[in-house]
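Engineer:
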Amino acid sequence: MNYFKQYLLKCTAILVVVFVYVYSIQALFHCDQVQYTLVPVAGWQDLGTAFMEHKDLYINNIDCYLYFVLINCGANVDLLETLQPEEDSVFFICDTHRPADVVNVYNDTQIKLLIKQDDDLGVPSYDDIFRDDEEDEEGDGDDSGNESDGSAEPSGKRRRYDEARFHIHIQSLYLFYFQAALVMFELAWVMSKDTKDMLWWSVIGVTDQWIHDKIPHMKYVTDIATLQRHVSRHNHRNEDEENSLSIDCMRITFEYDLRLVLYQHWSLYESICNSCYTSCSFKLWSINGQKKLQEFLADMGLPLKQVRQKFNSMDMTIKENLREVIEESANKFSMKDIRVQTFAVHFGFKNRFLASDVVHAAAALLENVEKDETPTDNFIKALDCLSRSNLERLHLGIDLAKKKLKAIQQTVASCICTNLILSQGPFLYCHLLEGTPDVKLFSKPLALTLLCKYLLKTFVCSTRNKRCKILPLIMAAPLDVEKGTVIVLGIPPESETSDKKNFFGRAFEKAAESTSSRTLHDHFDTSVIELKMEDRGKFLDALITLLS
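Rendered as structure tokens:
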């Protein structure tokens with residue numbers, strides 16, 4: 001971090017980002033009047049193209065340093081081999097994806113990983129990977145004599161290098177995520193440049209990883225506790241009357257709120273029906289589940305007219321103790337975790353948003369398929385909704401999120417009722433057919449991830465097969481009908497206590513190699529790939545063999 005702080009003040013930077021963490025780094029650059037170029041990228045091809053385009057703009061400028069800041073991408077591949085940069089180029093990488101490549105970890109000249117000191121990357125020591133010893137020289141002397149130049153590594157070192165990479169894949173073969181959002185905020189904190197806005201963006205980043213099932217619940221609770229200390233510190237600054245802010249100020253509060261998605265911007269009934277937690281608890285895809293929901297509403301004693309209208313229009317007397325009433329009734333229906341630790345932001349006295357509200361809104365704007373706009377346009381709109389000065393964009397995102405959540409619940413109910421989830425032995429498999437309502441929406445990774453998560457939770461609640469309850473899920477959805485491609489995503493088994501480790505990235509690579517399947521591994525999340533429809537059969541057969 002100190003190295004990054006040193007060069008932050010000097011350089012013209014290329015900022016390559018994926019989703020929400022950009023605002024924090026932008027604020028740091030603005031503090032020191034650092035010029036930069038912001039380039040949103042969606043995958044490795046975009047990253048390579050953006051790097052080549054912008055490298056030439058600065059390479060002839062003697063007074064300009066070639067520094068690149070990569071956020072949420074770049075850690076899990078050999079970046080120097082992938083991009084082939086100039087020797088004076090330096091990359092600062094703040095990436096949640098794991099495992100980190102050994103070259104990135106031990107390259108101390110061009111690659112700077114922004115991590116905490118206590119982060120365990122699970123990488124063998126440098127000497128174990130790159131040492132040259134007499135045994136290697138004797139054992140590999142014949143081979144080294146055939147080398148035409150000195151650029152090739154001795155085979156003993158090469159062997160240890162490959163073994164180290166394999167060791168990392170075994171230790172964290174599955175993806176493990178650390179909190180890039182927290183790292184970015186704590187970087188600003190160390191530099192004494194943290195603000196409430198930065199803190200709120202960090203809260204959104206942590207909440208985003210929990211909502212999209214990238215971290216286990218206990219990790220989320222731990223990170224929330226860390227953020228709560230920062231929130232208390234910032235709130236304490238403004239307790240003095242002399243430093244009190246105006247009525248349109250920003251205020252962050254820690255709360256135990258309901259696990260009902262967007263309920264403050266929806267009707268309570270719609271929120272209950274479209275929230276994964278309550279939908280699975282009641283089994284709302286069945287007739288008995290609908291009856292159970294009616295019993296729940298009756299137990300709360302809330303009039304149906306009030307429950308079905310917008311939350312803002314409900315009687316104040318009902319809203320005042322609504323959370324306590326819902327929690328009391330939820331306990332009777334075995335929903336003991338109906339409330340969860342979270343944060344809310346208040347803009348003056350009128351606007352209040354939970355962190356989950358902003359996550360859903362930003363994700364919906366980022367993957368909006370209603371208009372034929374470029375991914376960059378959608379990215380800028382998603383970025384705008386994080387600004388307190390653009391609440392109209394945030395409300396638009398919330399409206400899009402409602403449509404997406406409705407589509408997800410309808411698709412989940414359809415898959416369960418028509419038995420589209422099949423057991424393939426070591427994993428469950430579901431394929432959305434062309435012509436399925438809202439299928440275009442699920443050609444996007446975040447929407448498909450949320451659908452997979454909801455579908456697996458629902459299947460675990462509905463099946464009586466104990467073995468199927470502990471299986472991961474692979475899901476395929478149409479991507480491009482003309483090209484005949486599908487998007488394939490794998491998620492780990494459903495569990496509240498697991499580390500959310502995902503082994504499908506490596507498994508997809510092996511299955512594609514062994515069958516010569518036409519795949520594209522372009523996403524930063526390796527558990528998401530593109531596959532030719534004609535190769536789906538042999539690809540799945542190879543996966544079954546590989547994972548059995």
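Note that full-length UniProt numbering has the sequence shown beginning at 1, numbered continuously upward. Just so it is clear, CB atoms sit at the ideal spot from N, CA and C, and this is done for glycine as well.
Compare the C-alpha of LYS483 against each of THR436, ASP535 and PHE459 and name the closest.
Structural biologist: ASP535
Engineer: In whole angstroms, what is the alpha-carbon distance linking CYS468 and CYS452?
Structural biologist: 15 angstroms
Engineer: When the Cβ atoms of the region 418-427 are set against those of the region 291-306, are three or more pairs found closer than 8 angstroms?
Structural biologist: Under the 8 angstroms Cβ criterion, the region 418-427 does not count as touching the region 291-306, having fewer than three qualifying pairs.
Engineer: Based on the DSSP secondary-structure assignment, which residues constitute the bridge partners of PHE347?
Structural biologist: MET250 and ASN351
Engineer: Please go through the region 449-517 and give each complete alpha helix (DSSP H) segment of 4 or more residues, from N-terminal end onward.
Structural biologist: Uninterrupted alpha helix (DSSP H) stretches at least 4 residues long and entirely within the region 449-517 occur at 504-515, given in chain order.
Engineer: For the region 34-92, which segments carrying the beta strand (DSSP E) assignment without a break, of at least 3 residues, lie completely within its bounds, in sequence order?
Structural biologist: Fully contained in the region 34-92 are the following beta strand (DSSP E) runs of length 3 or more, in chain order: 36-40 and 66-71.
Engineer: Where does HIS521 fall in DSSP's three states?
Structural biologist: Three-state DSSP puts HIS521 in coil, outside helix and strand.
Engineer: What separation, rounded to the nearest whole angstrom, lies between the Cα atoms of ASN107 and ASP541?
Structural biologist: 39 angstroms
Engineer: Using DSSP bridges, identify the partner residues of CYS430.
Structural biologist: MET475
Engineer: Excluding sequence positions up to five away, which residues of its chain have a Cβ less than 8 angstroms from the Cβ of LYS193?
Structural biologist: Take LYS193, set aside five residues on each side of it, and the residues of its chain with a beta-carbon closer than 8 angstroms to its own are ALA27, LEU28 and CYS31, in chain order.
Engineer: By the DSSP assignment, the beta strand (DSSP E) with GLU373 in it spans what residues?
Structural biologist: Element bounds for GLU373: n/a, residue is neither H nor E.
Engineer: With which residues is LYS310 paired in a DSSP beta bridge?
Structural biologist: SER267
Engineer: Please state whether DSSP places CYS385 in a helix, a strand or coil.
Structural biologist: coil
Engineer: Specify, as a first and last residue, the run of the beta strand (DSSP E) that LYS332 falls within.
Structural biologist: DSSP places LYS332 in no beta strand (DSSP E) but in the uninterrupted alpha helix (DSSP H) bounded by 322-332.
Engineer: Which value, in whole angstroms, describes the spacing of the CA atoms of VAL261 and GLU367?
Structural biologist: Their Cα atoms are separated by approximately 18 angstroms.
Engineer: Taking the C-alpha atoms as reference points, what is the distance between PHE503 and LEU227?
Structural biologist: 30 angstroms
Engineer: By alpha-carbon positions, which one of LYS319, MET316, ALA363 and HIS217 ends up nearest to LYS403?
Structural biologist: Comparing alpha-carbon positions, the option among LYS319, MET316, ALA363 and HIS217 lying closest to LYS403 turns out to be ALA363.
Engineer: Give me the Cα-Cα distance between THR374 and LYS381, rounded to the nearest whole angstrom.
Structural biologist: 11 angstroms
Engineer: Can you tell me where the alpha helix (DSSP H) with ILE416 in it begins and where it stops?
Structural biologist: Where ILE416 is concerned, the enclosing alpha helix (DSSP H) starts and stops at 391-417.
Engineer: Taking the C-alpha atoms as reference points, what is the distance between LEU520 and LEU531?
Structural biologist: 7 angstroms
Engineer: Using the C-alpha atoms, what's the distance from ILE544 back to VAL190?
Structural biologist: 49 angstroms
Engineer: Could you name the residues of the same chain whose beta carbon sits closer than 6 angstroms to that of CYS280, not counting the 5 residues immediately before and after it, in chain order?
Structural biologist: These residues qualify, in order along the chain: LYS457, THR458 and CYS461.
Engineer: Which residues mark the beginning and the end of the alpha helix (DSSP H) in which ILE111 is found?
Structural biologist: For ILE111, no alpha helix (DSSP H) segment is defined; the enclosing uninterrupted segment is the beta strand (DSSP E) at 111-113.
Engineer: Could you pull the DSSP bridge partners for SER423 from this structure?
Structural biologist: Paired residues: LEU428.
Engineer: State buried or exposed for THR526, treating a residue as buried only when at least 16 other CB atoms are found within 10 Å of its CB.
Structural biologist: buried
Engineer: Are MET184 and CYS94 closer than 9 angstroms when you measure CB to CB?
Structural biologist: yes
Engineer: For the beta strand (DSSP E) containing ILE529, name the first residue and the last one.
Structural biologist: 528-532
Engineer: Straight-line CA distance for ILE491 to SER443?
Structural biologist: Each residue's CA atom was taken as its position, placing ILE491 and SER443 some 16 angstroms apart.
Engineer: For THR278, which of helix, strand or coil comes out of DSSP?
Structural biologist: Three-state result, THR278: helix.
Engineer: Which class does residue 600 belong to by DSSP, given the choice of helix, strand or coil?
Structural biologist: Any question about residue 600 goes unanswered here, given that the chain covers just 1 to 548.
Engineer: Rounded to the nearest angstrom, what separates ASP299 and SER414 at their Cα positions?
Structural biologist: 29 angstroms
Engineer: So what's THR342 in DSSP terms, helix, strand or just coil?
Structural biologist: Reduced to three states, the DSSP call for THR342 is strand.
Engineer: Report the option in LEU258, GLU327, HIS265 and SER271 whose CA atom is closest to the CA atom of GLN341.
Structural biologist: LEU258
Engineer: Output the distance between the C-alpha atoms of LEU187 and ALA477, rounded to the nearest integer angstrom.
Structural biologist: 39 angstroms
Engineer: DSSP has CYS273 in a bridge; who is on the other side?
Structural biologist: For CYS273, which the question treats as bridged, DSSP gives no partner whatsoever.
Engineer: Whose CA, out of THR411, ILE215 and VAL103, lies closest to the CA of THR96?
Structural biologist: ILE215
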